[in-house]
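Everything on this sheet refers to the single structure shown next.
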Amino acid sequence: MSAADTRPLAITVKNLGKRYRISNKRGAQSVRDRGLGALAEVAGKRDRNAYVWAVRHVDFEVHRGEIFGVIGRNGSGKTTMLKVLAGVTSPTAGSAEIRGRVTALLQAGAGFHPELTGRDNVYLSGAIMGLSKADVRSRFEEIVDFSEIGRYLDEPVKRYSSGMYARLAFSVAAVLPAEIMLIDEVLAVGDGPFRQKAEDFMVEALHDGRSVVYVGHGLEVVRKLCDRALVLERGSVAYTGDANDAADYYEDRFIPGGSQHAPAGGQQGQP
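The sequence shown begins at 40 in my numbering and counts up by one.
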């Protein structure tokens, strides 16, 4: 965080941890449990009670009107952390203080009911956010125009392509009123023109004071859009600092050939 940044805080995360129980009965384990167990053994974080810490000892702050990036390999805890911020799951340890209404796009179409139409899911999403039907109706046409799904609006979303899911889900998150947007990998889905449209919106969102937490693998998107970023490794913060420096740190550590740049600032953690 810049010492000169006096903007109020939108999100404060302190010593955040999320732990999951892994079944000891191998035959009864789900694919998810077996995957978490394998990751836990590699990370050395599986304890005698068969628990795994997906996220542990995470600290960061996000200012009002800031785009904050979260970078990490698959299984590093990015989506788990975002689910805690969104209130989808509760932390096992620490706290996440959220100041304002949140709209969350955790996966392309996450939160949509597959049997309902796109139209019905727009209203359902608004209701989940605590908005009245009239509030959603007043913004409905803007959502439809932004999503560009046109004649598919009254089709069940189970028939949508991943790109259509992404367009409608992002449009709902973008247009319905909220002070904080949580976005997980949406810009990796869909066609190029819509990704550019989504990126442009995220920048424009800062003009009305919204805060954005963006999780993704696209380092160029992080460099282009984010003010600051953190790198998660095995559920813990490995680095926090300027977005460009964080992307350089990630490249140097995890991508063959690396960025050939040593981060000039920021803080390194102990994953």
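Ideal placement from N, C-alpha and C gives every residue a C-beta, glycine not left out.
Because the structure is a prediction, the values reported are computed rather than measured.
E290 and K172 have their C-alpha atoms spaced approximately 46 Å apart. Around the beta-carbon of A277, 16 or more other beta-carbon atoms lie within 10 Å, marking it buried. If you look at T118, you'll find it isn't in any beta strand (DSSP E); it sits in the alpha helix (DSSP H) that goes 117-125.
Across the set L221, V183, I222, L215, the C-alpha of V183 shows the shortest separation from the C-alpha of M203. Relative to the Cα of E100, the nearest Cα in the group E218, A212, L269 belongs to L269. Around the C-beta of T119, 16 or more other C-beta atoms lie within 10 Å, and the residue is accordingly described as buried. Within its own chain, the residues whose Cβ lies closer than 8 Å to the Cβ of E187, once the five positions on either side in sequence are excluded, are R206, F233, listed in chain order. Between K197 and P153, the CB-CB gap stays under 9 Å. Between the alpha carbons of T156 and A213 lies a distance of about 19 Å.
When DSSP states are grouped into helix, strand and coil, M168 belongs to the coil group. Of the residues assessed, R273 falls on the buried side of the cut-off, its CB having 16 or more other CB atoms within 10 angstroms. In the three-state scheme derived from DSSP, where H, G and I count as helix and E and B as strand, I61 is classed as coil. The three-state secondary structure of D44, taken from DSSP, is coil.
Secondary structure within the region 135-219: the beta strand (DSSP E) runs of 3 or more consecutive residues, fully enclosed, are 141-144 (chain order). Contact check for R140 against I219 passes: the beta carbons are separated by less than 9 Å. Within a 10 Å sphere around the beta-carbon of D284 sit 16 or more other beta-carbons, which makes this residue buried.
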